[in-house]
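Visitor: Just so we're aligned, residue 1 is where the sequence shown starts under the UniProt record's numbering, counting upward by one.
Here a beta-carbon is modelled for each residue, glycine too, at the ideal position from N, C-alpha and C.
Sharing a structure with you now.
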Amino acid sequence: MTRHRQGKLICCCLLKPPSSDMDTKDEEISTRSRDLRNSCGERYHRSGGKITPTTSILDGSSVYGREKDIEVVLGWLLKGEAAINGRVFVVAIGGKEGVGKTTLAQLVYNDATVVNAFDLRAWVFDNSKDFDVVSITRTILLSVTDACNFSDDNLDLLQVNLREKLSGKSCLIVLDHVCDLDDERWDLLCQPFAGSEVKIVVTTRNNSVPPIMAAISTTHHLEELSDVDCLSMLVDHAKAKSKFDTDPKLQAIMEKIARKCKGLPQAAKHFGGRLLSTPHTEWEKIYMKFLHQIDGEVKSNPPHDLSSPYLFGQLTLCILGQKETMHDFGIGSSSLPF
């Protein structure tokens, strides 16, 4: 770079653009867009950019292609040892974003054999990035006791109460969406579990999390759905069974969309919901606009692994989130897929 160009660059960088409402809005949109790119497919709350918490309650929709996964996780939970030297038994459910880790945990948590096998159960959504032991301990305590007045941040008080409640009992704990962890915080969380039969199911995308958690642990890597199962989920969420069975053209469109979901249930659910609110005559247009948008994303932001089998599905989740961001700021999204 020449000195003249360097000077121009420095001057440009030092110039402060005039302040305006549009500048503020642009900055906010850029921030939200960056967050979406960094957490492709994350469950963002539509107001405030916060991740939407999960609960143990299933949404009532049909689940496809997870029978073997349920069987495997149940087998480990119901037959595995409870603890060795105070280390709890952990089953980690791993996999990429949108593949259905939380749904699998919900299915296991609510399975009749699990309900009957454990005296107590607790569901914890970890919305922190640093594994907040106080918050998690409080949530477990509230889940296994009838009292609702444990608002204290005194970890000692919380853990003493939790240890008393768990003493001599079996308990299943689900820790959903664990992002990061170290052995010090994990050991601290597990202190009240000594003398109890505690088993834990963890959902995480971080491969370094499970080895930290226990001497007795196993990881179940959740694979993508087949195209057939994705199609079934798409049809179900679009409530289009009769049309799918009788209209070959719509059937062909839905089959193409299902293949592009690349086995991600979350993408299939989103597509199904959009198709449900769109006239059947517009479905082909939706598909073609989506293809055009994806092509634009790939050309303008080429990823490092274009051969990745789930690239299209992950871009699906990013674009769906981007649409929500534009909607929040009152900006039209005619250039986006739906």
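1) Output the distance between the C-alpha atoms of Asp-153 and Ala-194, rounded to the nearest integer angstrom.
2) Tell me whether Gly-273 sits in a helix, a strand or coil according to DSSP, three-state version.
3) Relative to the C-alpha of Ala-125, which candidate in Gly-273, Lys-249, Ala-258, Pro-53 has its C-alpha closest?
4) Taking residue 349 as part of the alpha helix (DSSP H), name the residues at either end of that continuous run.
5) Measuring CA to CA, which of Leu-107, Ser-143, Met-254 is closest to Ser-61?
6) Are the beta-carbon atoms of Thr-218 and Gly-94 separated by less than 8 angstroms?
7) Is the beta carbon of Asp-227 closer than 8 angstroms to that of Arg-259?
8) Specify, as a first and last residue, the run of the alpha helix (DSSP H) that Phe-244 falls within.
9) For Phe-131 versus Asp-176, is the C-beta spacing smaller than 8 angstroms?
10) Who are the near neighbours of Leu-141 in its chain, counting only those whose CB is closer than 8 angstroms to its CB and skipping five residues on each side?
11) Between Asp-111 and Leu-74, is the Cβ-Cβ spacing less than 8 angstroms?
12) For the putative contact between Val-198 and Val-178, defined by C-beta atoms under 8 angstroms, what is the C-beta separation to the nearest angstrom?
13) When DSSP labels each residue in this structure, what does Ser-70 get in the three-state scheme?
14) Terminal residues of the continuous beta strand (DSSP E) containing Glu-197?
15) Mind checking who Arg-121 pairs with in its DSSP beta bridge?
16) Assign Val-100 to buried or exposed, taking buried as 16 or more other Cβ atoms, counted over all protein chains shown, within 10 Å of its Cβ.
17) Rank Lys-239, Thr-246, Thr-278, Leu-231 by C-alpha distance to the C-alpha of Ala-267 and give the top, closest one.
18) Measure from the alpha carbon of Glu-71 to the alpha carbon of each residue in Val-91, Thr-55, Ser-56, then state which is nearest.
19) DSSP has Ser-232 in a bridge; who is on the other side?
20) Could you pull the DSSP bridge partners for Ala-268 from this structure?
21) Considering only the beta carbon of each residue, do Ser-135 and Cys-171 sit closer than 8 angstroms?
22) In the DSSP assignment, find the unbroken alpha helix (DSSP H) run with Ile-212 in it and report its ends.
23) Return helix, strand or coil for Ile-93, following the three-state DSSP convention.
24) CB-CB under 7 angstroms to Lys-243, same chain, minus the five flanking residues each way: which ones, in chain order?
25) Does any C-beta atom of chain D lie closer than 8 angstroms to the C-beta of Thr-103?
26) Taking the CB atoms as reference points, tell me whether Leu-104 and Arg-66 lie closer together than 8 angstroms.
27) Considering just the uninterrupted stretch of the alpha helix (DSSP H) at Ser-143, what are its terminal residues?
28) Does the beta-carbon of Asp-69 have 16 or more other beta-carbons within 10 angstroms, so that it is buried, or is it exposed?
29) Tell me which residues share the same chain as Leu-276 and place their Cβ nearer than 6 angstroms to its Cβ, disregarding the 5 neighbours each side in the sequence.
30) Taking its Cβ as the centre, do 16 or more other Cβ atoms sit within 10 Å of Pro-210, making it buried, or is it exposed?
31) With the cut-off set at 8 angstroms, would you say Ala-122 and Val-144 are in Cβ contact?
32) Would you list the residues sitting across from residue 341 in a DSSP beta bridge?
33) Determine the burial state of residue 339: buried for a count of at least 16 other Cβ atoms within 10 Å of its Cβ, exposed for fewer.
34) Check whether the Cβ atoms of Phe-271 and Ile-257 lie closer than 8 angstroms to each other.
35) Using the Cα positions of Ile-51 and Thr-102, report the straight-line distance between them to the nearest angstrom.
36) Measuring alpha carbon to alpha carbon, tell me which residue in Trp-283, Asp-182, Ile-173 is nearest Met-213.
Guide: On the basis of the supplied data:
1) In the sequence shown, the residue the question calls residue 153 occupies position 153. In the sequence shown, the residue the question calls residue 194 occupies position 194. Approximately 22 angstroms, taken between the alpha carbons.
2) Residue 273 sits at position 273 when you count from the first residue of the sequence shown. In this structure, Gly-273 counts as helix in the three-state DSSP scheme.
3) Taking the sequence shown and counting its residues from 1, one reaches residue 125 at position 125. Looking at the sequence itself, residue 125 is Phe, so the reference to Ala does not match. Closest by alpha carbon: Pro-53.
4) Only positions 1 to 338 of the chain appear in the structure, and residue 349 is not among them; the question remains open.
5) As a first step, residue 61 must be located in the sequence shown, where it is residue number 61. Checked all of Leu-107, Ser-143, Met-254; the closest Cα to Ser-61 is Leu-107.
6) Translated into the one-based positions of the sequence shown, residue 218 becomes position 218. Translated into the one-based positions of the sequence shown, residue 94 becomes position 94. Their beta carbons are not under 8 angstroms apart, which means Thr-218 does not touch Gly-94 by this criterion.
7) Residue 259 sits at position 259 when you count from the first residue of the sequence shown. Residue 227 sits at position 227 when you count from the first residue of the sequence shown. Cβ atoms of Arg-259 and Asp-227: closer than 8 angstroms.
8) Working through the sequence shown from its first residue, we reach residue 244 at position 244. First-last of the alpha helix (DSSP H) with Phe-244: 241-246.
9) Counting from one through the sequence shown, the residue named residue 131 turns up at place 131. Counting from one through the sequence shown, the residue named residue 176 turns up at place 176. Contact: no.
10) Counted from its first residue, the sequence shown places residue 141 at position 141. Hits under 8 angstroms: Phe-150, Leu-158, Asn-161, Leu-162, Lys-165.
11) Taking the sequence shown and counting its residues from 1, the one referred to as residue 111 is at position 111. Taking the sequence shown and counting its residues from 1, the one referred to as residue 74 is at position 74. Contact flag set, yes.
12) Along the sequence shown, one-based indexing puts residue 198 at 198. Along the sequence shown, one-based indexing puts residue 178 at 178. That belief does not hold up - the Cβ atoms of Val-198 and Val-178 are roughly 16 angstroms apart, past 8 angstroms.
13) Against the sequence shown, residue 70 aligns to sequence position 70. The question names Ser, but residue 70 in the sequence shown is Ile. Of the three classes helix, strand and coil, the one that applies to Ile-70 here is helix, per DSSP.
14) Taking the first residue of the sequence shown as position 1, residue 197 is located at position 197. Start and end: 197-204.
15) Here residue 121 refers to the residue found at position 121 when the sequence shown is read from its first residue. DSSP output for Arg-121 lists Leu-172 as bridge partner(s).
16) As a first step, residue 100 must be located in the sequence shown, where it is residue number 100. First, the amino acid is wrong: residue 100 is Gly here, not Val. Per the 10 Å Cβ criterion, buried.
17) For this step, residue 267 is matched to residue 267 along the sequence shown. Nearest C-alpha to Ala-267: Leu-231.
18) Your numbering for residue 71 matches position 71 in the sequence shown. Comparing Cα-Cα distances from Glu-71 to each of Val-91, Thr-55, Ser-56, the minimum goes to Val-91.
19) Position 232 of the sequence shown, counting from 1, holds the residue named residue 232. Answer is none; Ser-232 lacks a bridge partner.
20) Here residue 268 corresponds to residue number 268 of the sequence shown, with the count starting at 1. Answer is none; Ala-268 lacks a bridge partner.
21) Along the sequence shown, read from residue 1 onward, the residue named residue 135 stands at position 135. Along the sequence shown, read from residue 1 onward, the residue named residue 171 stands at position 171. No. Outside cutoff.
22) Against the sequence shown, residue 212 aligns to sequence position 212. It spans 209-213 - the alpha helix (DSSP H) in which Ile-212 sits, taken as one unbroken run.
23) Counted from its first residue, the sequence shown places residue 93 at position 93. In this structure, Ile-93 counts as strand in the three-state DSSP scheme.
24) Within the sequence shown, the letter at position 243 stands for residue 243. For Lys-243, where only same-chain residues beyond five positions count, the Cβ hits under 7 angstroms are Leu-250, His-280.
25) Among the chains of the structure shown, chain D does not appear; only one protein chain is present.
26) Here residue 104 refers to the residue found at position 104 of the sequence shown. Here residue 66 refers to the residue found at position 66 of the sequence shown. Yes; because the gap between Cβ atoms is below 8 angstroms, this pair is in contact.
27) For the purposes of this step, residue 143 is identified with residue 143 of the sequence shown, where counting begins at 1. 133-144 is the extent of the alpha helix (DSSP H) around Ser-143.
28) If you number the sequence shown from 1, residue 69 lands on position 69. Asp-69 is buried by the Cβ-count criterion.
29) Residue numbering aside, residue 276 sits at position 276 when the sequence shown is read from its first letter. Excluding residues within five positions, the ones whose Cβ falls inside 6 angstroms are Ala-238, Lys-239.
30) For the purposes of this step, residue 210 is taken as residue 210 along the sequence shown, with counting starting at 1. Buried, by the Cβ-count rule.
31) Within the sequence shown, numbered from 1, the residue matching residue 122 stands at position 122. Within the sequence shown, numbered from 1, the residue matching residue 144 stands at position 144. Result yes, Cβ atoms of Ala-122 and Val-144 sit closer than 8 angstroms.
32) Any question about residue 341 goes unanswered here, given that the chain covers just 1 to 338.
33) Past the edges of the chain, shown from 1 to 338, lies residue 339, and the structure says nothing about it.
34) Position 271 of the sequence shown, counted from the start, is the residue given in the question as residue 271. Position 257 of the sequence shown, counted from the start, is the residue given in the question as residue 257. Going by C-beta atoms, Phe-271 is nearer than 8 angstroms to Ile-257.
35) On the sequence shown, residue 51 is found 51 positions in, with the first residue counted as 1. On the sequence shown, residue 102 is found 102 positions in, with the first residue counted as 1. Going from the Cα of Ile-51 to the Cα of Thr-102 covers about 14 angstroms.
36) The residue labelled residue 213 in the question sits at position 213 within the sequence shown. For Met-213, the nearest C-alpha among the options comes from Asp-182.
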